[in-house]
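In this text, residue positions in the sequence shown follow UniProt numbering: the first is 1, and each later residue adds one. Glycine included, C-beta positions come from ideal geometry on N, C-alpha and C. Predicted model only: the values in this text are computed from it and were never measured.
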Amino acid sequence: MCDSGRKAKRTRNKPSQPCSGTHEPIGGGSIQLTLFILMCLLIGSFCFVSRGAFSVVRRCVKVLLGQEFAAKIINTKKLSARDRPKRIARVCWERLAESPVRRIRLHDSISEEAHHYLIFDLVTGGELFEDIVAREYYSEADASHCIQQILEAVLHCHQMGVVHRDLKPENLLLASKSKGAAVKLADFGLAIEVEGDQQAWFGFAGTPGYLSPEVLRKDPYGKAVDLWACGVILYILLVGYPPFWDEDQHRLYQQIKAGAYDFPSPEWDTVTPEAKDLINKMLTINPAKRISATEALKHPWISHRSTVASCMHRQETVECLKKFNARRKLKVRIFKFIVFKRGKSGSNKKADGVKVTLQLSESSESTNTTIEDEDTRVRKQDIIKVTEQLIEAISNGDFESYTKMCDPAVTAFEPEALGNLVEGLDFHRFYFENLWSKNSKPVHTTILNPHIHLVGDEAACIAYIRVTQYIDSNGTPRTAQSEETRVWHRRDGKWQIVHFHRSGSPSTLNK
């Protein structure tokens, strides 16, 4: 393939050199680069696969053979000259992330003026965790086989000098929908290169529940962070819920740093001691003593699976996994909705903040730490101000003001809904009309530890602790506390709530 006499370049081996060597077309033959790109875009317009902040993945077909590939199209205009080679290299690492037996082959790497095209094998199997809940039979031995494939991929990454840093269920995909399809790692957007057993501070990066103690302590770290995440994943594979969990992020991080997890009864009673032993070795606080990928693959629970791992069907695990999948996907849908709305408004500014916000949606840390400019500080103050105005409307029982600050289709999780997702304003109207509007006693609300995350120019998320002081019907002073997260979206210059999540005791003056 050629582009006006200019040779396109192809990615092969070294991840730090994503575009090297002379170009060879897919499967032999010759075709102009421009025609090939048009073919990808034309067919891809009906075969959308996924979209990121900087790229889109579409199916493409080699017309002569009818062979399908995936084309990752990176918009290089959105990347700075400094970030461009790093991001393309990370995508190339993605192609090297599997063991040689199950490698997703990167066929071509093609540069144009405004875009970079990476052509690789098409992966169509979907998420591993979604496949598990659809199975008729799932056992501890199946979990052993899953983590073995993940560890093999991680080992290959580490041998290539690459640390993933964001291993989690969303990034574990299946090569195809056929039974027994291989597990593949995805999303190398936070990956880093290390030399040997190098330990250094590479920045705060990852997803809250899967972060290792050394990252939270801001200590130097290396390959061992991936093994900690594997330990969290294995724990979930066996019982369907994570080892570390708390609605309050500070308490969650304290749990992780202390390694405060256990194997509660009855769900862990049927798990073999060998499986628990491997988890303990992966979730070792000291990274120097944590098991490596090579050592984990030699553990009896994996290497002698047929005689060590239990083959009993784990129906309760499957049921818990269904709930776990639903919770994590809801979180992603909320932020995708915000990004979609922002895209419709025509704003493409600060798109590089979207991915970090999704991954660290409850964190005050950022993987790309920058000094806040005055505009950013002002906008964050605006979010605090409108949040205070919203809470004031609630405290005063002012439903009219409340509705002006909420999207008509606002969604919410709160204690009064007993775990259900409620949509619209009717559910909230009941409390305004029957509780707050009739409350003449003074109410004082304080917002503690607010963390604001700006998603482009038109959306933001604020997480905080809300303390409400009030007088009950007996004249006794009371204090209620709740942890709240609110997602704001700006329309026509006005901020509106599109989703909120509140934890705490029901039947208080909170809303």
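DSSP beta-bridge partners of residue i
| i | result |
| --- | --- |
| K184 | L173 |
| C461 | H453 and V487 |
| V467 | T446 and Q481 |
| V61 | E68 |
| S503 | E483 |
| W495 | R490 |
| Y221 | A200 |
| N75 | H115 |
| S109 | L118 |
| E193 | V162 |
| E423 | T411 |
Burial state of residue i (16 or more Cβ within 10 Å)
| i | result |
| --- | --- |
| H499 | buried |
| M282 | buried |
| Y138 | buried |
| E274 | buried |
| P287 | buried |
| W245 | exposed |
| L448 | exposed |
| H250 | exposed |
| P208 | buried |
| K323 | exposed |
| A114 | exposed |
| Q67 | exposed |
| E24 | Since pLDDT at E24 reaches only 34, below the 50 mark, its modelled position is unreliable, and the value read off the structure follows with that caveat. When all chains shown are included, E24 counts as exposed. |
| A417 | exposed |
| H444 | exposed |
| H501 | buried |
| F430 | exposed |
| R58 | buried |
| C311 | exposed |
| Q149 | buried |
| L252 | buried |
| S363 | With a pLDDT of 34 at S363, under the threshold of 50, the predicted position of this residue should be treated as unreliable, and no value is reported. |
N- and C-terminal bounds of the alpha helix (DSSP H) containing residue i
| i | result |
| --- | --- |
| L252 | Q249 to A258 |
| residue 512 | Past the boundaries of the shown model lies residue 512; the chain is included only from 1 to 511, so the question cannot be answered. |
| V308 | R305 to V308 |
| T294 | A293 to L297 |
| E274 | P273 to M282 |
| I132 | L128 to V133 |
| V215 | P213 to L216 |
Cβ-heavy atom distance, residue i to the ligand NAD, below 6 Å
| i | result |
| --- | --- |
| R217 | The ligand content of the structure shown is nil, which means the ligand NAD is not present either. |
Boundaries of the beta strand (DSSP E) in which residue i is found, first to last residue
| i | result |
| --- | --- |
| Q149 | Premise fails: Q149 lies in the alpha helix (DSSP H), E140 to Q159, not in any beta strand (DSSP E). |
| F432 | Not the beta strand (DSSP E): F432 falls in the alpha helix (DSSP H), residues D426 to N434. |
| T411 | C406 to F413 |
| F263 | Taken as a continuous stretch (DSSP letters only), F263 belongs to no beta strand (DSSP E), as it is neither H nor E. |
| I233 | No beta strand (DSSP E) contains I233, which is instead part of the alpha helix (DSSP H) from A224 to V239. |
| L418 | Taken as a continuous stretch (DSSP letters only), L418 belongs to no beta strand (DSSP E), as it is neither H nor E. |
| L118 | H115 to F120 |
Whole-angstrom C-beta distance between residue j and residue i, which should lie under 8 Å
| i | j | result |
| --- | --- | --- |
| P220 | A200 | 5 Å |
| R379 | L454 | 6 Å |
| L227 | S292 | 7 Å |
| T317 | L238 | 7 Å |
| A186 | L173 | 5 Å |
| L321 | V183 | The pair is not a contact, with the Cβ atoms about 15 Å apart (cut-off 8 Å). |
| V410 | I497 | 5 Å |
| V271 | E140 | 6 Å |
| A165 | G222 | Note that residue 165 corresponds to Arg in the displayed sequence, not to Ala. 10 Å between Cβ atoms; not a contact. |
| I147 | Y117 | Not really, about 34 Å apart at Cβ, beyond 8 Å. |
| Y402 | F432 | 7 Å |
| I119 | A71 | 5 Å |
Any chain D beta carbon closer than 7 Å to residue i
| i | result |
| --- | --- |
| S401 | Judged by its chain identifiers, the structure shown contains no chain D, having just a single protein chain. |
Check your understanding: Is the region 171-185 in contact with the region 125-136, if contact means three or more CB pairs nearer than 8 Å?
Key -> yes
Exercise for review: Answer yes if the region 299-307 comes into contact with the region 206-222, meaning at least three C-beta pairs across the two stretches below 8 Å, and no otherwise.
Suggested key: no
**Study point:** Three-pair Cβ contact test at 8 Å for the region 182-197 versus the region 155-166
**Key:** yes
Review point. Should the region 453-470 be called in touch with the region 479-497, which here means at least 3 C-beta pairs below 8 Å?
Key: yes
Review point. So, do the region 205-214 and the region 249-261 have three or more beta carbon pairs nearer to each other than 8 Å?
Key: yes
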